[in-house]
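To start, the structure under review is shown below, and the notes come after it.
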Amino acid sequence: MSFHISEDQELLRDFVREFATSTLQPNAAAVDEKGEFAQIQYEALIEAGFAAPGIPEEYGGDGLDAVSAAIVIEEIARVCASSSIVLSSNKLGMTPLLHYGTEEQRQRYLPEVARGEALFGYALSESEAGSDPGGMTCRAQQDGGHYVLDGVKAWVTSAGVAKYFIVFANTDPEDPRHRISAFMVHADDPGVSYGAPEHKMGMRGSVTREMILDNCRIPADRLVGKRGHGLGLALGTLDHTRISIAAQAVGIAQGALDVAVGYVQERKQFDQPLAAFQGVQFMLADMAMRTEAARQMTYAAADRSIRKAGDLTFFGAAAKCLASDTAMAVTTDAVQLLGGMGYSKDFPVERMMRDAKVTQIYEGTNQIQRIVIARQLFTRGK
Numbered sequence: 006m007s008f009h010i011s012e013d014q015e016l017l018r019d020f021v022r023e024f025a026t027s028t029l030q031p032n033a034a035a036v037d038e039k040g041e042f043a044q045i046q047y048e049a050l051i052e053a054g055f056a057a058p059g060i061p062e063e064y065g066g067d068g069l070d071a072v073s074a075a076i077v078i079e080e081i082a083r084v085c086a087s088s089s090i091v092l093s094s095n096k097l098g099m100t101p102l103l104h105y106g107t108e109e110q111r112q113r114y115l116p117e118v119a120r121g122e123a124l125f126g127y128a129l130s131e132s133e134a135g136s137d138p139g140g141m142t143c144r145a146q147q148d149g150g151h152y153v154l155d156g157v158k159a160w161v162t163s164a165g166v167a168k169y170f171i172v173f174a175n176t177d178p179e180d181p182r183h184r185i186s187a188f189m190v191h192a193d194d195p196g197v198s199y200g201a202p203e204h205k206m207g208m209r210g211s212v213t214r215e216m217i218l219d220n221c222r223i224p225a226d227r228l229v230g231k232r233g234h235g236l237g238l239a240l241g242t243l244d245h246t247r248i249s250i251a252a253q254a255v256g257i258a259q260g261a262l263d264v265a266v267g268y269v270q271e272r273k274q275f276d277q278p279l280a281a282f283q284g285v286q287f288m289l290a291d292m293a294m295r296t297e298a299a300r301q302m303t304y305a306a307a308d309r310s311i312r313k314a315g316d317l318t319f320f321g322a323a324a325k326c327l328a329s330d331t332a333m334a335v336t337t338d339a340v341q342l343l344g345g346m347g348y349s350k351d352f353p354v355e356r357m358m359r360d361a362k363v364t365q366i367y368e369g370t371n372q373i374q375r376i377v378i379a380r381q382l383f384t385r386g387k
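Number 387 marks the last residue of the sequence shown (our numbering); no jumps.
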């Protein structure tokens, strides 16, 4: 369906685009080259009020709905995808609290994140438990009024920078259905340390590290949701947060399309602009159609997130899968259209192509998304 954006949301888009273009875009190449957490971009996001869109007003947030939050992420990712990970990382942390946490937990953590004084991390994956989170070995054993966590979590976004983490651990290994639980872990808890930063192909302005938990003792009231229901919490969270990755991918695709359209109108070959060649026009038309289709799917999924619709799982997976595949295809074509310049760091499309790749991988690979989508088809009407 074609999703209608309200006048207020169009104004929001214009405002975020101007901010992103004037403030984030000038630093994007340097952030990528440096390969460290982009503190300068993070501070700009906080100053502009865009560090954690979607936190309800009663917890000090902006109260943006899921469609508006997707627009914000899209426009930021259009110029600096690394910066948009701040928003998606916070979304991963706040969603479990909003949907499964206690009121005390929401009051404790959300206002601080809304003010930009803390960043959330999300520790689900392990080196041998990526697409199969149920196979995790990180343990959490109850000891009176505390839990003691031991294990290593992998691919933790913002590890070493984030103040709070949603950490998943095995509490009941003998229970085949309710083994996993979720916890709120603080960066300064005893027993928390980190591995070396990963050297990544893209999203280089976002830091990714292992999170090491060694006899990490935390109060029992840091349990998020019910004990043994952590896997359902994780999957339920991803239904909502995959929309952020879809929006991120749409932004990357749109950014690459914008660069390509501008370039082919200026670059001349055989005494005419590249834009005059039908083959180039066909490529651009396909890029634009794919990007808009992904955008519409993303907004439709975000609308279902707002309504907690029964088909959210299908739409969340489909939006993430379609948008990330689109981002990879569009950025690849953008590099092709720019030729040698597209392969050079003189233009941003090579960075966009590298950034796009991970959107097909994190928060569930696109192979997993296709399994999720197919299963939803099999259960419809039952």
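Even glycine gets a Cβ: it sits at the ideal position worked out from N, Cα and C.
All figures in this text were calculated on a predicted structure; none of them were measured in a lab.
Close Cβ partners of residue i (< 6 Å) along its chain, the five nearest in sequence each way excluded
{"i": "A128", "result": "K158, V161, F170, V172 and M216"}
{"i": "C221", "result": "L154, D194, G196 and V197"}
For residue i, the nearest candidate out of the options (CA to CA)
{"i": "E62", "options": "K39, Q341, A49 and V118", "result": "V118"}
{"i": "A328", "options": "P58, A35 and E79", "result": "E79"}
{"i": "T296", "options": "K325, T213, I311 and R272", "result": "K325"}
{"i": "D67", "options": "Q30, N175 and L17", "result": "L17"}
{"i": "T213", "options": "L29, G40 and D19", "result": "G40"}
{"i": "G315", "options": "V340, T384 and V255", "result": "T384"}
{"i": "R388", "options": "E108, I250, Q381 and A323", "result": "A question about residue 388 goes unanswered here, because the residues of the chain that appear run from 6 up to 387."}
{"i": "A71", "options": "V36, G59 and L228", "result": "G59"}
{"i": "D219", "options": "A192, S211 and H204", "result": "A192"}
{"i": "S136", "options": "E368, Q381 and Y47", "result": "E368"}
{"i": "S89", "options": "A145, F125 and S211", "result": "S211"}
Same chain, Cβ closer than 7 Å to residue i, neighbours up to 5 away in sequence not counted
{"i": "A121", "result": "It should be noted that the sequence gives Gly, not Ala, for residue 121. The residues are I51 and A56."}
{"i": "D177", "result": "H183, R184 and G233"}
{"i": "Q365", "result": "S329, D330, M333 and N371"}
{"i": "L236", "result": "P138, G139 and I185"}
{"i": "P224", "result": "G150 and H151"}
Residue i versus residue j: straight-line alpha-carbon distance, rounded
{"i": "G241", "j": "Q283", "result": "46 Å"}
{"i": "V77", "j": "P353", "result": "20 Å"}
{"i": "H245", "j": "T100", "result": "8 Å"}
{"i": "G139", "j": "Q270", "result": "51 Å"}
{"i": "G345", "j": "F287", "result": "20 Å"}
{"i": "N32", "j": "A86", "result": "12 Å"}
{"i": "L102", "j": "F188", "result": "10 Å"}
{"i": "D13", "j": "I81", "result": "18 Å"}
{"i": "Q44", "j": "Y64", "result": "25 Å"}
{"i": "A25", "j": "D263", "result": "15 Å"}
{"i": "Y268", "j": "F275", "result": "16 Å"}
{"i": "L343", "j": "A265", "result": "7 Å"}
{"i": "R113", "j": "L124", "result": "14 Å"}
DSSP three-state assignment for residue i, whether helix, strand or coil
{"i": "F173", "result": "strand"}
{"i": "L124", "result": "coil"}
{"i": "D308", "result": "helix"}
{"i": "V166", "result": "coil"}
{"i": "E131", "result": "strand"}
{"i": "R111", "result": "helix"}
{"i": "V161", "result": "strand"}
{"i": "R209", "result": "coil"}
{"i": "E368", "result": "coil"}
{"i": "H9", "result": "coil"}
Same chain, Cβ closer than 8 Å to residue i, neighbours up to 5 away in sequence not counted
{"i": "A134", "result": "G140, M141 and T142"}
{"i": "T28", "result": "A49 and A53"}
Worksheet item: Do the stretch 318-325 and the stretch 367-384 meet, that is, are 3 or more Cβ pairs less than 8 Å apart?
Response: Taking one beta carbon from each stretch, the stretch 318-325 and the stretch 367-384 have 3 or more pairs nearer than 8 Å; the two touch.
Fill in: the stretch 257-275 / the stretch 92-109 touching (three or more Cβ pairs under 8 Å)
In the pairwise beta carbon analysis, the stretch 257-275 is classified as not touching the stretch 92-109: fewer than three pairs are separated by under 8 Å.
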